[in-house]
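K.L.:
In our numbering, the protein residues as written are 1121 to 1683.
What follows is the structure, given as structure tokens:
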């Protein structure tokens, strides 16, 4: 370890204490609201924690100059900054030129993800891609999901980040990687003689996870109940079976569709893993299909596209979609426990953007980020959210101008619980890394009947993994050959003035909300690093001070709990 001061060591007991402190940081009593005045640097940084992968000096200046609403408009007007699919094609060409195998692996996508998340100017779009990927889940942990196909899928999420939800839903549903992951690609119509029924996997999950949820909701997201107080379900087993018949007869794109291409033949040669699935009428069910109060009559002629349109329109127009999707996006960006009023305001915008348009996601995102509840700094057991590990790493890299030595952003998988416990587009199941309704047991949050989704991947091992990973990243860089590194020139220039250094770390990481206790601990530790009067040793000591301050801030509950 190169740092000029001994970094903290974390035993089992201290890890448990740290986890408890993180949860305890969700308690308090102070609430302040925003004003119409131009945002301060700290307010701009806090806003960017919601709306991007983290503040930078330049981004803070932009928000302060334009204000929140105009910054959002500028972000939404930006062209898509890059294509993950194009990155994969360039990588394959690079491999071909080297004369080796051209097979892509998940780290090839991870490199593309980190490059864009850290450096792309369209930060709001980048942040929305991650949020959508945790609702419309596919995963590279499934060997049937190709890397190139996954890159294309992530592009779909970015392209539709501020479009209409109905279009997003259709493009997600018809992407071949969703078809592969939820096993509805090449799903065949029923055959009673053979005992075959359509696969119900996608039919179930598109309702439960991607549109309407398990229970009927009021417009503010609260659950509707019967006279006995029991939640009212949104759908039944028969709804799943009826919808599953709709999702039959679709498979890989082909110039000349036939039964062979339906089953996956020649898919690599015709880009079929990245183009929307197409209908193969002979495999589509023609029997009656009843679901969610709608019945598509039996027909002698299969109409796969028409049936799909009816199904997706029915899901899109269900009253649950606004509060169900709106609440999850609030959770991903702002707070784990939005008030019913907050959810209701966002759902109302989903239902009507003010111009009679339903599902306008640009309007929904604006409503989430500009809501008074997002602007206010609230403290209490229902305030804020745990920052997910992917966001923490990107935040560090952006805040401290990390660059890629190779230019390829070679960050290896970070899914191990001894690392970050999370890699992009690599959830362990269709239920994401954590469920939106997860409540950590035997905690103040859980006892209050509240949720903290990200805590589902927090335990003593993952706490240690995060701390060890970030200690090494801050000190020497992260990735293959420590490819992604920060130099801390700005921070080292301030490090002879301990208070100035802590102020800067507070702005970029804790957004002006570092507690006096945390500030005191960091200042004391940094002051303990002796700084020689001159020479290379002085430069090294000042850099060590900067690294220590950053690490201690990123290990603190003040940082880990985003407010």
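Positions of the beta carbon are idealized from the N, C-alpha and C atoms, including for glycine.
1) Have a look at 1631, 1524 and 1390 and flag the residue whose alpha-carbon is nearest the alpha-carbon of residue 1375.
2) With a CB to CB cut of under 6 Å and the five nearest residues on each side skipped, what residues in its chain are close to residue 1359?
3) Helix, strand or coil: how does DSSP classify residue 1480 here?
4) In whole angstroms, what is the alpha-carbon distance linking residue 1210 and residue 1202?
5) Specify whether the stretch 1172-1188 and the stretch 1508-1518 touch according to this definition: at least 3 beta carbon pairs, one from each stretch, less than 8 Å apart.
6) Going by other Cβ atoms of all chains shown within 10 Å of its Cβ, with 16 needed for buried, is residue 1607 buried or exposed?
7) For residue 1267, count the other beta carbons within 10 Å of its own beta carbon; 16 or more makes it buried, fewer makes it exposed. Which is it?
8) Using DSSP with H/G/I as helix, E/B as strand and the rest coil, what is residue 1409?
9) Kindly identify the DSSP beta-bridge partner or partners of residue 1523.
10) Return the first residue and the last residue of the alpha helix (DSSP H) that residue 1589 is part of.
11) Please list, in chain order, all residues of the same chain as residue 1614 whose beta carbon is under 7 Å from its beta carbon, the five residues on each side excluded.
12) With contact counted as at least three CB pairs below 8 Å, one residue from each stretch, are the stretch 1422-1432 and the stretch 1364-1372 in contact?
13) Going by beta-carbon coordinates alone, are residue 1504 and residue 1649 separated by less than 8 Å?
14) Taking just the CA atoms, how far does residue 1575 sit from residue 1484?
15) Candidates 1445, 1254, 1616 and 1164: which alpha carbon is nearest residue 1543's?
16) Please determine if the stretch 1319-1339 and the stretch 1349-1359 are in contact, where contact requires at least 3 C-beta pairs separated by less than 8 Å.
17) Which of helix, strand or coil does DSSP assign to residue 1308?
18) Would you mind sorting residue 1318 into buried or exposed? The rule is 16 or more other CB atoms within 10 Å of its CB.
19) Looking only at DSSP bridge pairs, what is residue 1353 linked to?
20) Within a Cβ cutoff of 6 Å, which residues of the same chain sit near residue 1398, ignoring the five residues on either side of it in sequence?
21) Does the beta-carbon distance from residue 1270 to residue 1298 come in below 8 Å?
22) Pull up the distance between the alpha-carbon of residue 1586 and that of residue 1580, whole angstroms please.
23) Comparing C-alpha positions only, which one of 1631, 1610 and 1633 sits nearest to residue 1667?
24) Any idea which residues DSSP pairs residue 1276 with across the strands?
25) On the three-state DSSP scale, how would you describe residue 1211?
26) Report the rounded CA-to-CA distance for residue 1555 versus residue 1657, giving the unit in angstroms.
27) Does the Cβ of residue 1429 have 16 or more other Cβ atoms within 10 Å, making it buried, or fewer, making it exposed?
28) Of the residues 1616, 1262 and 1402, which one's Cα is nearest the Cα of residue 1643?
29) Going by the DSSP bridge assignment, what does residue 1282 pair with across the sheet?
30) Bridge partners of residue 1415, per DSSP?
31) Is the stretch 1599-1606 touching the stretch 1155-1166 in the sense that three or more CB pairs, one from each, lie closer than 8 Å?
32) According to DSSP, what are the bridge partners of residue 1345?
33) Provide the residue span of the alpha helix (DSSP H) that contains residue 1433, from first to last.
34) Could you tell me the alpha carbon to alpha carbon distance between residue 1193 and residue 1675, rounded to whole angstroms?
35) On the criterion of 16 or more Cβ atoms from any shown chain inside 10 Å, does residue 1686 qualify as buried, or is it exposed?
36) Whole angstroms are fine: how far does the CA of residue 1261 sit from the CA of residue 1540?
P.N.:
From the atom records:
1) 1390
2) 1411 and 1412
3) strand
4) 12 Å
5) yes
6) exposed
7) buried
8) strand
9) 1605
10) 1580-1596
11) 1620, 1621 and 1624
12) yes
13) no
14) 26 Å
15) 1254
16) yes
17) coil
18) buried
19) 1335
20) 1373
21) no
22) 10 Å
23) 1610
24) Per DSSP, none; premise fails for residue 1276.
25) helix
26) 49 Å
27) exposed
28) 1616
29) Note: residue 1282 sits in no beta bridge, so no partner.
30) 1410
31) no
32) 1351
33) 1424-1436
34) 34 Å
35) Since the first and last residues shown for the chain are 1121 and 1683, residue 1686 lies out of range.
36) 16 Å
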